[in-house]
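In order, the protein sequences belong to chains Y and R. Numbering of the first sequence is given in the UniProt record's numbering, commencing with residue 1 and proceeding in unit increments. Numbering of the second sequence is given in the UniProt record's numbering, commencing with residue 1 and proceeding in unit increments. Note that CB positions come from ideal geometry on N, CA and C, so glycine has one too. Every value quoted in this text rests on a predicted model; they were computed, and no experiment measured them. Since the structure comes first, as structure tokens, the remarks are kept for the end.
There are 2 protein chains.
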Amino acid sequence: MTSTVAFLGPAGTFTEAALVAFEKAGAVSDVQQLPVNSPSEAFQAVREGRADFACVAIENSVDGAVTTTFDAFTEGDALQVYQEVDLEVAFAIMVKKGLSLDDVHTIATHPVAYQQVRGWLTENIPDAKFQPASSNGAAAEAVSRGEVDAAAAPERAAEIFGLDVLANSVADVKGATTRFVLVGKPGRPTERTGNDRTSVVFTVPHEPGSLASILQEFSYRNVDMLRIESRPTRKKFGTYNFFIDLAGHIEDEPLSEALRALWLRTENLRFIGSWPAADQSGPKLDTTEFDKATAWVEKVREGR
Amino acid sequence: MTSTVAFLGPAGTFTEAALVAFEKAGAVSDVQQLPVNSPSEAFQAVREGRADFACVAIENSVDGAVTTTFDAFTEGDALQVYQEVDLEVAFAIMVKKGLSLDDVHTIATHPVAYQQVRGWLTENIPDAKFQPASSNGAAAEAVSRGEVDAAAAPERAAEIFGLDVLANSVADVKGATTRFVLVGKPGRPTERTGNDRTSVVFTVPHEPGSLASILQEFSYRNVDMLRIESRPTRKKFGTYNFFIDLAGHIEDEPLSEALRALWLRTENLRFIGSWPAADQSGPKLDTTEFDKATAWVEKVREGR
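This is the structure in structure tokens:
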């Protein structure tokens, strides 16, 4: 079955590489690519039915949360994560055919990527001026159009845009990893594997200790909280949406009990998904009918 | 006494406006401005003694934490926050003298600012191409040099760079606010006012429930946790520095007791400061000797 997948384009971005990885793993098949300009646009395409899935970066081991992705989860109808993939992120420095590092006076890349190659640039082309781009693929494209001398982008972008690679595996922090997720409309979660991740988002009543006492619902039941991310609600300065990742699947008894307690104690609770953790090969995405999870899951998903 | 203050330059940025506000409030006097390119460089200037203070943005009501500032707190010796100021953030759209909106094909601003004016731009100049800049002041400067047609920047930047303002008070979310802090080397905290904010950063042992049980140290004692921010340690994917803001001063008994408990239960605890909350006029910064806080405060400040 053909799946249309929205992703941060153009071709040659790391997000496209993640999409290829999802296809290889069988999470989606016969992919029609729909390049867009931001995670928000990718989610909008899914919400409006123009795409079946969105493939977006969610976290980087150096730069942290991709905040535009987190915000996109709460700016419209509920969406759900079905799979994740971790990619090691290293950059190629690319130029128009025939040029050398001495010819590089300007270099373009995504601002997040810039944070990851700045040390290398300072050491090797200290006088080159940084020009921010909306994506690494767009940076490579700008080189091909002669708008900038060089780009830091995935090596594949050099092939796509016919550029020369002057340096490879450039990364100030070796082993820097970015996590990507495959996001669709709410449906049956990917099957429990025993090594899963569950994510929810909620707001809390503004009272001393409310967040701490809510988090106890996990520690009581020995459910490991893997991360917590706060994002402004944009309604009142100092109020936040809390995104929490938990170890386990919504069909694991202690976790589902803790979420039931959260449903009673938090505001605007949304289920973001249960899916296999990236450090094992995930099973093929199953799109058959939701048959095991209980009715309250639906309530959690819709929030209150 | 002259104070050298490092800030995100050039002149005409919101950070410069915050610095002027700090000077007006008496937090610093006889300021020598040291414009730099990032919060990290501003902190480095303080650590190396080239500046007495750094003035940096830390949080925005629309875009959330200024992550580069949070990361800069842990990338070198401990630094301390002494004051904060909240500025309402609205933008002026500025061009070279004599031009009109019809002449605008490219518009530059800082990527965070772009998120806050995108709606207005789409409505008023839908075909103008966004060009990211390292600061709003730099965007205005680029207009004056003819490198770009328009900039979204604080109105003051138009005066500084001799530009025409075509629209004012532009902000997709009305009342958007940015919080700025004044940061120096560790010293005696600003005096207790009864409406203070205290901030710490730490890592936690990797065990289920460790963060939740640590946060109980606050709820036990009825200390309100105002926010929590997680940033990657950059050592291992999935390990975080947790930044926590608390209501109260380190000289408030319940808060200081909770921090003492944290010192025993967390790793790499650092005291980031106690200072007056922005919704009251803060007292003048006192730089006399530390006389009241107890010796363990020093230990907390240095981490373990």
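Near residue i, what residues of its chain come up, given a Cβ to Cβ distance below 8 Å and the 5 sequence neighbours on each side ignored?
| i | result |
| --- | --- |
| GLN280/Y | Caution is warranted here: a pLDDT of 46 is assigned to GLN280/Y, below 50, making its placement in the model unreliable, and the coordinate value is therefore given only provisionally. Around GLN280/Y: THR193, ASN195. |
| LYS97/Y | GLY162, LEU163, ASP164 |
| SER100/Y | LEU166 |
| ALA261/Y | GLU217 |
| ASP103/R | VAL95, ASP149 |
| PRO276/Y | GLN83, GLU84, THR190, THR193, ASN195, ASP196, ARG197, GLY282, PRO283 |
Closer than 7 Å by C-beta to residue i: which residues in its own chain qualify, once you throw out the five before and the five after it? Chain order, please.
| i | result |
| --- | --- |
| THR2/R | ASP30, GLN32 |
| ALA153/Y | GLY12, PHE91, ALA92, MET94, THR109, ASN136, GLY137, ALA139, ALA140 |
| SER144/R | PHE161, GLY162, LEU163 |
| ASP71/R | ARG231 |
| GLU257/Y | ARG221 |
| ASP172/R | GLN116, VAL117, ARG118, GLY119, TRP120 |
| ALA133/Y | ALA108, THR109, HIS110, ALA139, ALA142 |
| VAL300/R | Residue placement at VAL300/R is poorly supported in this model, since its pLDDT is 48, which falls under 50; the coordinates still yield a value, given next. The answer, listed in chain order, is LEU259, TRP263, LEU269, PHE271. |
| GLU159/R | none |
Taking its Cβ as the centre, do 16 or more other Cβ atoms sit within 10 Å of residue i, making it buried, or is it exposed?
| i | result |
| --- | --- |
| ARG227/Y | buried |
| ASP127/R | exposed |
| ASP77/Y | exposed |
| ASN60/R | buried |
| THR15/Y | buried |
| GLY282/Y | Since pLDDT at GLY282/Y reaches only 34, below the 50 mark, its modelled position is unreliable, and the value read off the structure follows with that caveat. With 16 or more other Cβ atoms within 10 Å, it is buried. |
| THR288/Y | The predicted model places THR288/Y with a pLDDT of 30, which falls under 50 and marks its position as unreliable; any figure quoted below should be read in that light. Burial call: exposed. |
| THR122/Y | exposed |
| ASN241/R | buried |
| SER219/R | buried |
| GLY9/Y | buried |
| GLY49/R | exposed |
If I follow the unbroken beta strand (DSSP E) through residue i, where does it start and stop?
| i | result |
| --- | --- |
| LEU99/R | Per DSSP, LEU99/R belongs to no beta strand (DSSP E) and is neither H nor E. |
| PHE73/R | Careful: PHE73/R lies outside any beta strand (DSSP E), inside the alpha helix (DSSP H) at 67-74. |
| ILE272/R | 267-276 |
Could you pull the DSSP bridge partners for residue i from this structure?
| i | result |
| --- | --- |
| ILE107/Y | PHE130/Y, ALA150/Y |
| GLY64/Y | ASN60/Y |
| THR15/R | According to DSSP, which records beta bridges pairwise, THR15/R is partnered with nothing at all. |
| GLU84/Y | VAL181/Y |
| ARG227/Y | ASP245/Y |
| PRO39/R | The partner list for PRO39/R (beta bridge, DSSP) is empty, contrary to what the question assumes. |
| LEU34/Y | ALA6/Y |
| TYR254/Y | Residue identity check: residue 254/Y is Pro in the sequence provided, not Tyr. Partner(s): none; PRO254/Y has no beta bridge. |
| ALA54/Y | ALA6/Y, VAL183/Y |
| PHE91/Y | VAL170/Y |
| TYR240/Y | PRO232/Y |
| SER199/Y | ASP245/Y, GLY273/Y |
Contact check, residue i vs residue j under 8 Å by CB: the rounded distance?
| i | j | result |
| --- | --- | --- |
| VAL183/R | GLN80/R | 7 Å |
| TRP263/R | LEU255/R | Actually they are not in contact, since the Cβ atoms of TRP263/R and LEU255/R sit about 13 Å apart, beyond 8 Å. |
| VAL204/Y | THR106/Y | Actually they do not touch by this definition, with Cβ atoms about 46 Å apart. |
| LEU215/R | LEU211/Y | 7 Å |
| GLU229/Y | ALA65/Y | 5 Å |
| THR74/R | VAL200/R | Wrong, their Cβ atoms sit about 12 Å apart, outside the cutoff. |
| THR177/R | VAL89/R | 7 Å |
| ARG179/R | ALA278/R | 7 Å |
Please list the terminal residues of the continuous alpha helix (DSSP H) segment that includes residue i.
| i | result |
| --- | --- |
| THR193/R | That residue, THR193/R, is in no alpha helix (DSSP H); it is neither H nor E in DSSP. |
| PHE180/Y | Run containing PHE180/Y: none in the alpha helix (DSSP H); it sits in the beta strand (DSSP E), 177-184. |
| ARG156/R | 155-161 |
| ALA167/Y | Element bounds for ALA167/Y: not the alpha helix (DSSP H) but the beta strand (DSSP E), 164-170. |
| ASN136/R | 136-144 |
| GLU207/Y | Looking at the DSSP string, GLU207/Y is not in any alpha helix (DSSP H), and its letter there is neither H nor E. |
Cutting at 6 Å between CB atoms, please list the residues of its own chain near residue i, excluding the five before and the five after it.
| i | result |
| --- | --- |
| SER274/Y | PRO189, ASP196, THR198, HIS249, ILE250 |
| ASP63/Y | VAL112, GLN115 |
| GLY146/Y | none |
| ARG47/R | GLY76, ASP77 |
| residue 362/Y | This structure does not reach residue 362/Y, given that chain Y is present from 1 up to 304, and the question cannot be answered. |
| ALA6/R | LEU34, VAL36, ALA42, ALA45, ALA51, ALA54 |
| ALA21/R | VAL85 |
| THR239/R | THR233 |
| LYS174/Y | none |
| ASN168/Y | ALA92 |
| GLN131/Y | THR106, ALA108, VAL148 |
| GLY209/Y | none |
Considering only heavy atoms of the ligand ATP, does any lie closer than 7 Å to the CB of residue i?
| i | result |
| --- | --- |
| LEU166/Y | Within the structure as shown, the ligand ATP is missing, as the structure has no ligands at all. |
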